[in-house]
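Here the sequence shown stands for residues 1 to 468, numbered as in UniProt numbering.
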Amino acid sequence: MKLLSRKATCNSHGQDSSYFLGWQEYEKNPFHEVRNPAGIIQMGLAENQLSFDILESWLANNPDAAGFKRDGESIFRELALFQDYNGLPSFKNALVEFMAEIRGNKVRFDPNNLVLTAGATSANETLMFCLADPGEAFLLPTPYYPGFDRDLKWRTGVEIVPIHCSSSNGFQITGSALEEAYQQAQKRNLKVKGVLITNPSNPLGTTMSRDELNLLISFVAAKDIHLISDEIYSGTVFDSPSYISITEALMDRNLELTNVWDHVHIVYSLSKDLGLPGFRVGAIYSNNATVVAAATKMSSFGLVSSQTQYLLSVMLSDKKFTSNYITENQKRLKKRCDMLVSGLKNAGIGCLKSNAGLFCWVDMRHLLISKTFEAEMELWKKVLYEVGLNISPGSSCHCTEPGWFRVCFANMSEDTLNLSMQRIKSFVQSITTDGDSRNRRQTVRNSRRRSLTKWVFRLSSYDHEPER
Ligand SMILES: Cc1ncc(COP(=O)(O)O)c(C=O)c1O
């Protein structure tokens, strides 16, 4: 250990969060309908597997794109040789057009303002390196994607200060919550460099209202700080209200020629909208030429391979394909979301009303034995080990209210989703019968007397020290 760097040995990576521990437990006992029907069903992974058939049929009809060929001629050598960090122009053109199409072509993007990165993970970290120094802070609304602790803080030394949002208004951002977070950062002697939002939100599965976007724009303008909008789920909006991107909100206020236009940066990736997290394709879009130049230089550390860029440039230039894919994928996501919501309702469990994403934000507060994060961890362990579902506790997303869970619906078959709903229903029935609730009350008394296991304590204390 002594021979290693502080970075290599510090624990701010966040891998001991229940979010990642759930994945590890799933790996030890993964559900398979034939080989392991009693195994754990993975509902903690925001993967989109619903439209692979559309991608596969495009690949079958366009064999040249994946076969290193253009007009029937091999371009293997061209792709295999050195690529500079600016990316293939044909791919950048196709990607900005795809981004505009997802936003209903209400906005346009200039490929010269785009920086390619190895996924949104790399895009977010690169932006931190460009916009903040170690010890400076970004404000993030809670609940937020658990990976941000790693992506924004770990290697950069940047701090996250939470903007506390609550269920009382559907976890929307308010002016007072923003101001409070800003004051909190100042109390901790942290210089605030910006706000980072995820729109549509992971884990809420909702899009931001025009009022929220306007509030954020006015706030960053008044404080003269940056705004990063992670729009990785922008193509998944499957229900009303319709999606308003940060670019549209800025343009509606005619802010193109103001400072704030240069202070807003968008993060995108094909991991969710096209369901290609393994391809590692992400991007930063910024109107700030200095940020674009710095991020381009930094992108050397996480480029997208030429082969992948070539394949996707051909795929995304096929307008018939993109328009069919976007519509069909959203239709399928809506169907899945409806299945999950009604399955949970049947088990007496409600969800925040969602209109986007690959998951629902599920309210299990009534199933807690007490209104504490220890009780949330106990429920999570029961659901993981006894019910066989890996879902993500709200505490791993830094939610301030115990009892909320993120449940994914797009990474499994319909049959598996139905099975998961049967399992949860039987579980709820078993714990709400009289005898069981007596037992549970007894268990609560016993467990209060006993000290919590070291493991549970470690998880909950980690999750509730977002400032660490
Ligand atoms: C909000 C958000 N940002 C970034 C990422 C990372 O995405 P990528 O696979 O493109 O690195 C995720 C992945 O779940 C996410 O939900």
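For each residue, glycine too, the CB sits at the ideal point set by N, CA and C.
At least 7 Å separates the beta-carbon of Phe91 from that of Gln307. Comparing C-alpha distances from Cys360 to each of Lys334, Thr372, Lys371 and Lys381 shows the shortest one belongs to Lys334.
Boundaries of the beta strand (DSSP E) around Glu159: Glu159 to Ile163.
Annotation: Tyr385 to Ile40 spans about 8 Å, alpha carbon to alpha carbon.
In this structure, the alpha-carbon of Leu88 lies about 37 Å from that of Thr142. One alpha carbon belongs to Tyr243, the other to Phe52, and they sit about 24 Å apart. Annotated as distal: Val264 and Gly348, with beta-carbon spacing of 7 Å or more. The beta-bridge partner set that DSSP reports for Gln186 is empty.
The alpha carbon of Asp133 has as its nearest neighbour, out of Thr121, Gly157, Leu178 and Met412, the alpha carbon of Gly157. Among the bridge pairs identified by DSSP, Val267 is matched with Asp230 and Ile284. For Asp149, the closest of Glu125, Ala46 and Leu116 by C-alpha to C-alpha distance is Glu125. Ala283 has its alpha-carbon roughly 33 Å from the corresponding atom of Glu401. Between Ser342 and Leu379, the alpha-carbon positions lie close to 21 Å from each other.
Every unbroken stretch of the beta strand (DSSP E) spanning 3 or more residues and falling wholly within the region 344-428 is given here in chain order: 359-363 and 404-408. Scanning its chain for C-beta atoms nearer than 6 Å, with the 5 sequence neighbours on each side dropped, one finds around Gly14 the residues Asp149 and Arg150, in chain order.
Shown here for Met128: same chain residues with a beta carbon closer than 6 Å to its own, the five before and five after excluded, namely Leu152, Thr156 and Val158 in chain order. Measuring C-alpha to C-alpha distances from Ala46 to each of Lys425, Ile431, Met412 and Arg423 identifies Met412 as the nearest. Relative to ligand 1, Tyr26 has its C-beta separated by 6 Å or more from all heavy atoms. For Thr198, the enclosing beta strand (DSSP E) begins and ends at Val192 to Thr198. In this structure, ligand 1 has a non-hydrogen atom nearer than 6 Å to the beta-carbon of Gly119.
Of the residues Val387, Arg6 and Leu213, the one whose Cα lies closest to the Cα of Pro200 is Leu213. Taking a contact to require three or more Cβ pairs closer than 8 Å, the region 231-243 and the region 97-104 qualify as touching. Relative to the Cα of Lys353, the nearest Cα in the group Ser167, Lys187, Ile431 and Val107 belongs to Ser167. For Val304, there is no enclosing beta strand (DSSP E), as DSSP marks it with neither H nor E. Annotated three-state conformation of Pro111 is helix, per DSSP. The C-beta distance from Gln184 to Val161 rounds to 6 Å, short enough to fall under 8 Å. In this structure, Asn36 has its CB at a distance of at least 6 Å from all heavy atoms of ligand 1. Between Gly302 and Thr117, the C-beta gap is smaller than 7 Å, which places the two residues in contact. For Ile246, the CB stays at least 6 Å from every heavy atom of ligand 1. Within the same chain, and ignoring the five residues on either side of Leu250 in sequence, the residues whose Cβ sits closer than 8 Å to its Cβ are Ile217, Glu256, Val260, Trp261 and Val264.
Counting C-beta pairs with one atom in each stretch, the region 281-299 and the region 73-82 have fewer than three that are closer than 8 Å, which means they do not touch. Taking the Cβ of Gly282 as the reference point, at least one heavy atom of ligand 1 falls within a distance shorter than 6 Å. In this structure, Ser269 has its CB closer than 6 Å to one or more heavy atoms of ligand 1. The C-beta distance from Val267 to Ala120 rounds to 5 Å, short enough to fall under 8 Å. Within the chosen limit of 6 Å, ligand 1 does not reach the beta carbon of Pro200 with any heavy atom. By the criterion of a C-beta distance shorter than 7 Å, Ile326 is surrounded in its chain by Glu101, Ile102 and Gly235, once the five residues flanking it on both sides are discounted.
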